[in-house]
Amino acid sequence: MIRSIANLRDKHPRSKVISQVLGYLRSNRHRMRYADHRAEGLPIGSGVVESACKMLVTQRMKNSGMRWGQDGGQAILTARSWCLSDRFDRAWATLAATYKTEVRVIAPVIELHRNHEKIGKFPSV
């Protein structure tokens with residue numbers, strides 16, 4: 622391909638576009654070893670990335686009526702990526718070990734009874 626474009630450039634020496642394309646291909650030829658990549662079982666197209674974006678982002682963030690700010694959107698995508706990559710438990714354990722705080726439970730001011738005769742009324746204290 623590089624030889625073909627070099628021949629094309631020789632036929633059209635004033636074409637800046639052909640020279641730019643030729644320069645790009647020569648500079649990036651090490652990235653274009655598609656046969657080698659395919660033999661190693663590596664993806665050579667963008668389908669895998671596009672599918673991951675759709676599963677991770679689009680299906681969660683673009684449902685009807687959803688509005689996300691930067692921080693909330695990032696938080697939900699981070700947690701979703703943990704779930705989809707089977708790393709949620711490990712990530713959550715790391716967070717739990719890092720961010721700990723003591724929580725005090727305050728005694729209820731009014732004790733609620735489930736089986737109180739007057740439904741909807743609180744017992745007198």
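First residue of the sequence shown: 622, per the numbering used here; consecutive thereafter. Idealized CB from N, CA, C, for every residue including glycine.
Integer-rounded CB distance, given that residue j should sit under 8 Å from residue i
i    : j    : result
I639 : L629 : 6 Å
W703 : A712 : 5 Å
Own chain partners of residue i with C-beta closer than 7 Å, once the 5 adjacent residues on each side are dropped
i    : result
R701 : L677 and R681
I626 : I639, V642, L643 and L646
L705 : M676 and L677
K683 : none
R760 : Only positions 622 to 746 of the chain appear in the structure, and residue 760 is not among them; the question remains open.
Cβ shell of residue i (< 6 Å), same chain only, five flanking positions each side left out
i    : result
G662 : none
A728 : none
A718 : none
Cβ-based neighbour list, residue i, same chain, cut-off 8 Å, excluding 5 preceding and 5 following
i    : result
V726 : none
L698 : L677, V678, R681 and M682
So does the segment 667 to 682 actually touch the segment 647 to 656, counting three or more Cβ pairs closer than 8 Å? Not touching, per the Cβ criterion.
Curious, which full-length alpha helix (DSSP H) runs of at least 4 residues does the segment 669 to 742 contain? Listed in chain order, the complete alpha helix (DSSP H) runs (minimum 4 residues) inside the segment 669 to 742 are 691 to 705 and 709 to 719.
Could you say if the segment 653 to 663 and the segment 677 to 688 meet the contact criterion of at least three C-beta pairs nearer than 8 Å? no
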